[in-house]
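J.: What follows is a single structure, and I will ask about it in a moment.
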Ligand code: HEM
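Numbering (our numbering), first residue to last: 315 to 777.
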């Protein structure tokens with residue numbers, strides 16, 4: 315063999331030799347089982363992945379923004395390209411976001427991408443959670459992963475809230491101020507909570523640095539830890555899988571249709587990796603299109619935070635609208651003072667802390683409310699679970715009505731009336747809407763189930 319041939323052979327074998335080299339050091343062969351982990355070929359299972367990819371986009375775009383954002387409210391002279399602000403003194407945070415938007419190359423695009431990724435993150439988490447809920451994938455043994463997931467949902471809302479305030483424009487800081495009032499309304503510990511999360515009186519010079527610290531370090535690190543736990547539990551317990559109609563023949567063995575210990579699906583590598591890559595690029599493409607065409611939070615129009623003024627319209631992001639709805643609906647007469655100890659319980663506390671805490675408590679506790687002693691590895695059809703599906707539908711109606719209540723001023727102006735006229739109807743809808751919707755779902759599904767069972771019994775009797 316010529317020297318050239320031998321060199322060619324060595325080069326063509328390079329990947330194999332590199333693998334052997336790495337295998338001797340990291341025992342790659344022992345990881346091959348993980349590459350064969352099966353993923354159910356079910357599209358709704360990809361919603362969790364969309365959330366995961368949004369988090370990656372958020373981290374990357376956030377790093378870009380972090381290079382230019384100034385977490386400070388010290389006054390500086392604006393010298394950027396928005397003519398109406400030139401030469402004026404503004405808080406540094408506001409000026410730096412103006413600069414990112416109008417003067418830094420690709421700044422506006424990346425800022426919009428970060429914004430839309432945050433919205434898609436929360437939306438995909440919500441849909442992923444509904445998928446898990448309605449198919450019963452939270453049941454034994456996956457209760458803990460539901461609890462970890464619920465923590466992730468709360469953290470993602472915390473990330474969105476702390477980020478919303480950072481540009482320190484008039485609109486965002488007024489909406490953030492609502493959160494400050496709610497935090498300070500907590501009996502006994504309200505003052506401390508406001509100090510911890512807002513750096514004292516809102517807005518003080520410590521507020522933006524504090525929210526920035528929470529937004530770029532504390533919350534993302536906690537989300538990262540939560541995600542690692544979520545994925546580790548998922549890999550260890552395996553996915554749930556749709557019930558099989560019959561035994562499944564595979565090249566190696568035939569899998570019993572009732573055997574929940576074995577999961578039928580695409581191997582992690584290369585099949586699922588290819589599907590996930592498509593989902594990743596589709597997520598990226600969707601966010602790029604949104605960032606390219608849809609503007610976000612126009613701070614040049616709102617202007618910097620003005621402690622003396624209040625904007626005409628104050629609106630939180632859509633995923634906080636239900637919380638805002640509680641605050642808007644609760645009448646002030648509900649506030650009271652606990653005798654003897656003299657602790658004041660305000661409507662702000664009831665609507666902003668107590669009610670949402672009950673909602674979150676219900677969410678965290680759900681797998682233990684619908685507790686199942688025996689492990690389940692197959693998903694269920696929501697139509698065959700009347701009371702669980704009824705609770706899910708009731709919860710969706712409750713959150714939707716509360717969200718509409720958050721926009722009661724818009725509703726009132728569309729109907730040509732005032733909020734004091736629409737509020738009683740909204741309160742009635744909030745109390746009775748979920749009961750009626752849940753009740754109807756329960757009746758219909760139970761009746762269907764009974765008919766199906768009777769049909770089965772008749773077939774069995776005929777046989
Ligand atoms: C940052 C937010 C989240 C991310 C990135 C995420 C990601 C994922 C991924 C990729 C999967 C596997 C594929 C799938 O089943 O969709 C999964 C499964 C799961 N997630 Fe999440 N998730 C998040 C939040 C949540 C929430 C809010 C809940 C419920 C409250 C939840 C509960 C679960 C459960 C129980 C499973 C196992 C489902 C099964 O085996 O069928 N997750 N998650």
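Beta carbons are placed, not taken as given, at the ideal position from N, Cα and C, and that holds for glycine. Source: prediction; values computed, not measured.
(1) Contact check, residue 497 vs residue 508 under 8 Å by CB: the rounded distance?
(2) Below 8 Å, can you find three or more Cβ-Cβ pairs linking the segment 354-368 to the segment 578-588?
(3) Ignoring anything shorter than 4 residues, give me the alpha helix (DSSP H) runs that lie fully in the segment 414-468, in order along the chain.
(4) Decide if residue 632 is buried, meaning its Cβ has at least 16 other Cβ atoms within 10 Å, or exposed.
(5) What residue ranges within the segment 655-729 form continuous alpha helix (DSSP H) runs of no fewer than 4 residues, ordered along the chain?
(6) Taking buried to mean at least 16 other C-beta atoms within 10 Å of its own C-beta, is residue 299 buried or exposed?
(7) List the endpoints of the continuous alpha helix (DSSP H) containing residue 268.
(8) In angstroms, rounded to a whole number, what distance separates the CA positions of residue 536 and residue 588?
(9) Hey, would you say the C-beta of residue 613 is under 7 Å away from at least one heavy atom of the ligand HEM?
(10) Look up residue 568 in the DSSP assignment and say whether it is helix, strand or coil.
(11) Can you tell me whether residue 479 is helix, strand or coil according to DSSP?
(12) Name the residue from 440, 733, 326, 401 whose alpha carbon lies nearest to the alpha carbon of residue 469.
(13) Go ahead and pull the three-state DSSP assignment for residue 592.
(14) Count the other C-beta atoms from every protein chain shown that fall within 10 angstroms of the C-beta of residue 612, then say buried if there are 16 or more, exposed otherwise.
(15) Between which two residues does the alpha helix (DSSP H) carrying residue 739 extend?
(16) What are the boundary residues of the beta strand (DSSP E) that includes residue 389?
(17) So, using beta-carbon positions, are residue 427 and residue 371 closer together than 8 Å?
(18) Of all the options 753, 678, 511, 481, which has the alpha carbon lying nearest to the alpha carbon of residue 494?
(19) How big is the Cα-Cα spacing for residue 639 and residue 742?
(20) Quick check on the DSSP output: what are the complete alpha helix (DSSP H) runs of length 4 or more inside the segment 510-551, in order along the chain?
(21) So is the beta-carbon of residue 456 under 7 Å away from any non-hydrogen atom of the ligand HEM?
(22) Ignore the nearest five residues each way along the sequence and tell me which others in residue 690's own chain have a CB closer than 6 Å to its CB.
(23) Quick check: is any heavy atom of the ligand HEM less than 7 Å from the C-beta of residue 464?
(24) Which residue's Cα is closest to the Cα of residue 750: 704, 646, 773?
(25) Excluding five sequence neighbours on each side, which residues of the same chain lie with their C-beta closer than 7 Å to the C-beta of residue 733?
(26) Where does residue 644 sit, in a helix, a strand or coil, going by DSSP?
(27) Just to confirm my understanding: we take residue 490, look at its own chain, exclude 5 residues before and 5 after, and list those with CB closer than 7 Å. What are they?
(28) With a threshold of 7 Å, establish whether the CB of residue 442 neighbours any heavy atom of the ligand HEM.
(29) At the level of alpha carbons, what is the spacing between residue 730 and residue 755?
(30) Quick one: using the 10 Å Cβ neighbour count with 16 as the cut-off for buried, is residue 711 buried or exposed?
(31) Does DSSP put residue 786 in a helix, in a strand, or in coil?
(32) Taking the straight line between their C-alpha atoms, what separation do you get for residue 505 and residue 520?
(33) Just verifying my parser: in three-state terms, what is the DSSP assignment at residue 404?
(34) If distances are taken between C-alpha atoms only, which option among 688, 404, 675 comes closest to residue 464?
(35) Given this structure, state the Cα-to-Cα distance separating residue 598 from residue 538, to the nearest angstrom.
(36) The ligand HEM and residue 460: does any heavy atom of the ligand fall closer than 7 Å to the residue's C-beta?
T.: The relevant details are as follows:
(1) About 5 Å separates the beta carbons of residue 497 and residue 508, which is inside the 8 Å limit, making them a contact pair.
(2) Contact holds: three or more Cβ-Cβ distances are below 8 Å.
(3) DSSP runs (the alpha helix (DSSP H)) wholly in the segment 414-468: 421-448.
(4) Residue 632 should be labelled exposed.
(5) Entirely contained in the segment 655-729, the alpha helix (DSSP H) runs reaching 4 residues are, in chain order, 669-683, 700-720, 722-729.
(6) What is shown of the chain runs 315 to 777, which leaves residue 299 out entirely.
(7) Since the displayed the chain opens at 315 and closes at 777, residue 268 lies outside it and no answer follows.
(8) If you draw a straight line from the Cα of residue 536 to the Cα of residue 588, it is about 29 Å long.
(9) With a cut-off of 7 Å, the C-beta of residue 613 is classified as distant from the ligand HEM, since no heavy atom of the ligand falls inside that distance.
(10) Collapsing the DSSP output to three states places residue 568 in a strand.
(11) The answer is helix: DSSP assigns residue 479 an H, G or I state.
(12) Nearest C-alpha to residue 469: 440.
(13) DSSP, read as helix, strand or coil, puts residue 592 in helix.
(14) Flag for residue 612 reads exposed.
(15) If you look at residue 739, you'll find it in the alpha helix (DSSP H) that goes 733-776.
(16) 389-391 is the extent of the beta strand (DSSP E) around residue 389.
(17) Yes, the Cβ-Cβ distance between residue 427 and residue 371 is below 8 Å.
(18) Taking residue 494 as reference, the option from 753, 678, 511, 481 with the minimal CA-CA separation is 511.
(19) Approximately 13 Å, taken between the alpha carbons.
(20) Runs found: 521-527, 533-551.
(21) Flag set: Cβ of residue 456 near the ligand HEM.
(22) Correct list, in chain order: 453.
(23) Under cutoff, so the answer is yes.
(24) With respect to the C-alpha of residue 750, the residue from 704, 646, 773 having the closest C-alpha is 704.
(25) Cβ within range, chain order: 722, 723, 726.
(26) Coil, per DSSP.
(27) 478, 479, listed in sequence order.
(28) In this structure, residue 442 has its beta carbon less than 7 Å from a heavy atom of the ligand HEM.
(29) Between residue 730 and residue 755, the alpha-carbon positions lie close to 34 Å from each other.
(30) A buried status is given to residue 711, since no fewer than 16 other beta-carbon atoms sit within 10 Å of its beta-carbon.
(31) Only positions 315 to 777 of the chain appear in this structure, which leaves residue 786 out of reach.
(32) Using only the alpha carbons, I get a separation of about 15 Å.
(33) Strand at residue 404.
(34) Among 688, 404, 675, the Cα nearest to that of residue 464 is on 675.
(35) Rounded to the nearest angstrom, the gap between the Cα atoms of residue 598 and residue 538 is 20 Å.
(36) It does: the Cβ of residue 460 is within 7 Å (strictly closer) of some heavy atom of the ligand HEM.
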